[in-house]
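These notes are about the structure you will find just below.
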């Protein structure tokens, strides 16, 4: 649930003070539910400053909340188009609506919804302009439809079939009375005690209206044939809400074609007090601090939950999705692993051997096989976490056909597969990880730099933009003098690297002129200043030196460097093969 604003004293407001109208707060004008209006005490965004910031704060907000959620409810979705501002110190009734760049914000909402694969629900209750609802519907932002408010012109409750498909159906929300509280009119009593009615006449009208609401609800339930048997249609038969009557109410709502149905947590336990009472602050009412009467471990003992859930399962079967074999029941099969078995794969126990074990594991009652990493790793790896290529299978473990046969064997037995994708492990050092070698060669300008968490500038001074790792077996000077560091030229690739035993450290191609240009006069004297091969060699040195630097990380520079360095290295390899003098000089 995404709130309409942030606390003035919170980190978000302090981070961008210039973005907020700190002399005002958001709220709502007086309406039938809240006759005195609402002041939420949340400073609103200043529309122009939000636009000047290229909507970055709004984008950050959506991404932070959508990243880990499958669905996001936008509280007071009308706020995308306009917000009711209340100046500090003035009565709520003297507030005014302020317009926001609706089309821009709605477009961003749609884009981030797609990027994050997150469904969006709009809380469009209360006074909402038709233009807002008309814009939200084609964008597939689900509307919010509540049993309390969905009425026909004659005042009767809307039949379930009249609910829109592109919506979320619910009995209530956290800002409204629970089903049990609504039935007894406890919310009216509470507002009266807190002096939230402008006068007694308004209170009396709501008391009478609530009595009619109870009768209308029973009539609607009877019309759908879900009223508990033998109870009759008189509200006096139910002085209080019961689990059976609550199940009937949710059965009624479950027949709506709306895409989602919400069960309010408080209704699942017969709670009478609503979690939040709009228009109040502490200590007037303990908003968001009321506890559920049962501990989590005892939820299944609730007679309310025991009555409502079976009724919902029967009344609202949803589309069957592909799941394990034999899962042909109604509803979406939530396939939670019952028992897992981890298979540690290596060259002495490959996927073909694992496939042969499936009948045994199935007989044991295993529901899911959990595979150790299956991507290409260092030769002989016993664990598989030293991955050198995330885009291919480890040939010591399985080929594509072996993997497909393993998966097919699982499907035949109704078993599932858990794959360790290993996004945070990789085999570095050595000389076999192409991404790692590219990062060493090109630094921050590598095409693969983003796959590594490297603080390039942690060490200031003489080595900024470098990777610092404890590789050497002794002090650098000692290792250097002992000749353990070896500069070598790969004639086939046209590249230079420094080797330390099995470890390879590619040299930055932009630095090749420092190597190839050393004692160049000796080559000139041997070939002559006008020799064609020498001129081509000198031109190549200049080309290497003009490559974009390691710190040039804009996309164009990264692409240019990635392309040209390989062209120049192939050119160098060709010169090496074509001229014995150049080959001798380079070697």
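In the working numbering, the protein residues as written are 4 to 590.
In this text, a Cβ means the ideal position worked out from N, Cα and C, and glycines have one as well.
For residue i, count neighbouring C-beta atoms within 10 Å of its own C-beta (all shown protein chains included) and say buried if the count is 16 or more, exposed if not.
{"i": "residue 335", "result": "Model confidence at residue 335 stands at a pLDDT of 40, short of 50, so the residue's coordinates are unreliable; what they give is reported in the following sentence. Residue 335 comes out exposed."}
{"i": "residue 37", "result": "buried"}
{"i": "residue 125", "result": "buried"}
{"i": "residue 545", "result": "exposed"}
{"i": "residue 123", "result": "buried"}
{"i": "residue 570", "result": "exposed"}
{"i": "residue 582", "result": "buried"}
{"i": "residue 102", "result": "exposed"}
{"i": "residue 69", "result": "buried"}
{"i": "residue 79", "result": "buried"}
{"i": "residue 21", "result": "exposed"}
{"i": "residue 397", "result": "buried"}
{"i": "residue 337", "result": "Bear in mind that the predicted position of residue 337 carries a pLDDT of just 48, short of 50, making it unreliable; the figure below should be weighed with that in mind. Residue 337 is exposed by the Cβ-count criterion."}
{"i": "residue 190", "result": "buried"}
{"i": "residue 568", "result": "buried"}
{"i": "residue 444", "result": "buried"}
{"i": "residue 328", "result": "With a pLDDT of 42 at residue 328, under the threshold of 50, the predicted position of this residue should be treated as unreliable, and no value is reported."}
{"i": "residue 14", "result": "exposed"}
{"i": "residue 362", "result": "exposed"}
Taking C-alpha atoms, which residue in the options lies nearest to residue i?
{"i": "residue 85", "options": "42, 95 and 31", "result": "31"}
{"i": "residue 150", "options": "501, 90 and 257", "result": "257"}
{"i": "residue 99", "options": "510, 215, 505 and 47", "result": "47"}
{"i": "residue 104", "options": "470, 81, 301 and 128", "result": "81"}
{"i": "residue 562", "options": "397, 497, 362 and 452", "result": "452"}
{"i": "residue 266", "options": "225, 275, 250 and 40", "result": "250"}
{"i": "residue 304", "options": "273, 242 and 361", "result": "273"}
{"i": "residue 23", "options": "41, 5 and 54", "result": "54"}
{"i": "residue 371", "options": "419, 528, 392 and 398", "result": "419"}
{"i": "residue 515", "options": "469, 506 and 589", "result": "589"}
{"i": "residue 509", "options": "572, 526, 87 and 566", "result": "572"}
{"i": "residue 558", "options": "536, 513, 449 and 497", "result": "449"}
{"i": "residue 185", "options": "351, 270, 525 and 549", "result": "270"}
{"i": "residue 529", "options": "404, 584, 552 and 234", "result": "584"}
{"i": "residue 195", "options": "161, 182 and 210", "result": "210"}
{"i": "residue 147", "options": "243, 533, 129 and 159", "result": "129"}
{"i": "residue 375", "options": "548, 535, 17 and 352", "result": "352"}
{"i": "residue 471", "options": "431, 243 and 236", "result": "431"}
{"i": "residue 548", "options": "413, 308 and 511", "result": "511"}
{"i": "residue 199", "options": "436, 532, 35 and 445", "result": "35"}
{"i": "residue 110", "options": "83, 233 and 527", "result": "83"}
{"i": "residue 360", "options": "438, 279 and 413", "result": "413"}
{"i": "residue 435", "options": "300, 381, 446 and 373", "result": "381"}
Would the beta-carbon of residue i be found less than 7 Å away from any heavy atom of the ligand MN?
{"i": "residue 64", "result": "This structure lacks the ligand MN, and indeed carries no ligand of any kind."}
Identify the residues that DSSP records as bridge partners of residue i: which are they?
{"i": "residue 41", "result": "31"}
{"i": "residue 228", "result": "Bridge partners of residue 228: none, in fact."}
{"i": "residue 390", "result": "380"}
{"i": "residue 506", "result": "503"}
{"i": "residue 26", "result": "The partner list for residue 26 (beta bridge, DSSP) is empty, contrary to what the question assumes."}
{"i": "residue 358", "result": "Residue 358 is not bridged to any residue."}
{"i": "residue 233", "result": "None; residue 233 has no bridge partner."}
{"i": "residue 421", "result": "373"}
{"i": "residue 344", "result": "372"}
{"i": "residue 498", "result": "493"}
{"i": "residue 349", "result": "352"}
{"i": "residue 17", "result": "Note: residue 17 sits in no beta bridge, so no partner."}
{"i": "residue 87", "result": "30 and 100"}
{"i": "residue 148", "result": "172"}
{"i": "residue 48", "result": "23"}
Taking residue i and residue j to be in contact with their CB atoms under 8 Å, please state how far apart those CB atoms are, rounded to whole angstroms.
{"i": "residue 127", "j": "residue 281", "result": "Wrong, their Cβ atoms sit about 16 Å apart, outside the cutoff."}
{"i": "residue 400", "j": "residue 377", "result": "6 Å"}
{"i": "residue 429", "j": "residue 457", "result": "Going by Cβ atoms, the distance from residue 429 to residue 457 rounds to 12 Å, so no, they are not a contact pair."}
{"i": "residue 501", "j": "residue 483", "result": "Not really, about 10 Å apart at Cβ, beyond 8 Å."}
{"i": "residue 539", "j": "residue 575", "result": "Incorrect: roughly 10 Å between the Cβ atoms, too far for contact."}
{"i": "residue 12", "j": "residue 43", "result": "About 14 Å separates the two Cβ atoms, so there is no contact after all."}
{"i": "residue 62", "j": "residue 115", "result": "7 Å"}
{"i": "residue 153", "j": "residue 260", "result": "That pair is no contact at about 13 Å."}
{"i": "residue 139", "j": "residue 262", "result": "Not a contact, Cβ separation roughly 14 Å."}
{"i": "residue 425", "j": "residue 388", "result": "6 Å"}
{"i": "residue 5", "j": "residue 76", "result": "7 Å"}
{"i": "residue 507", "j": "residue 440", "result": "7 Å"}
{"i": "residue 346", "j": "residue 357", "result": "5 Å"}
{"i": "residue 238", "j": "residue 221", "result": "6 Å"}
{"i": "residue 253", "j": "residue 315", "result": "6 Å"}
> Could you give the uninterrupted runs of the alpha helix (DSSP H) lying entirely in the segment 96 to 143, keeping only those of 4 residues or more?
Replying inline: If we require 4 residues or more, the alpha helix (DSSP H) runs fully inside the segment 96 to 143 come out as 105 to 119 and 133 to 139.
> What are the complete alpha helix (DSSP H) segments, minimum 4 residues, inside the segment 432 to 486?
Replying inline: DSSP runs (the alpha helix (DSSP H)) wholly in the segment 432 to 486: 437 to 445 and 479 to 484.
> Mind pulling the alpha helix (DSSP H) runs of 4 or more residues that sit fully within the segment 170 to 196?
Replying inline: Listed in chain order, the complete alpha helix (DSSP H) runs (minimum 4 residues) inside the segment 170 to 196 are 182 to 187 and 189 to 196.
>> What ranges does the beta strand (DSSP E) occupy inside the segment 213 to 284, keeping only unbroken runs of at least 3 residues that lie completely in it?
In response: Complete beta strand (DSSP E) runs here, min 3: 263 to 265.
> Which runs of the beta strand (DSSP E) spanning at least 3 residues fall entirely within the segment 56 to 81, listed in chain order?
Replying inline: If we require 3 residues or more, the beta strand (DSSP E) runs fully inside the segment 56 to 81 come out as 74 to 77.
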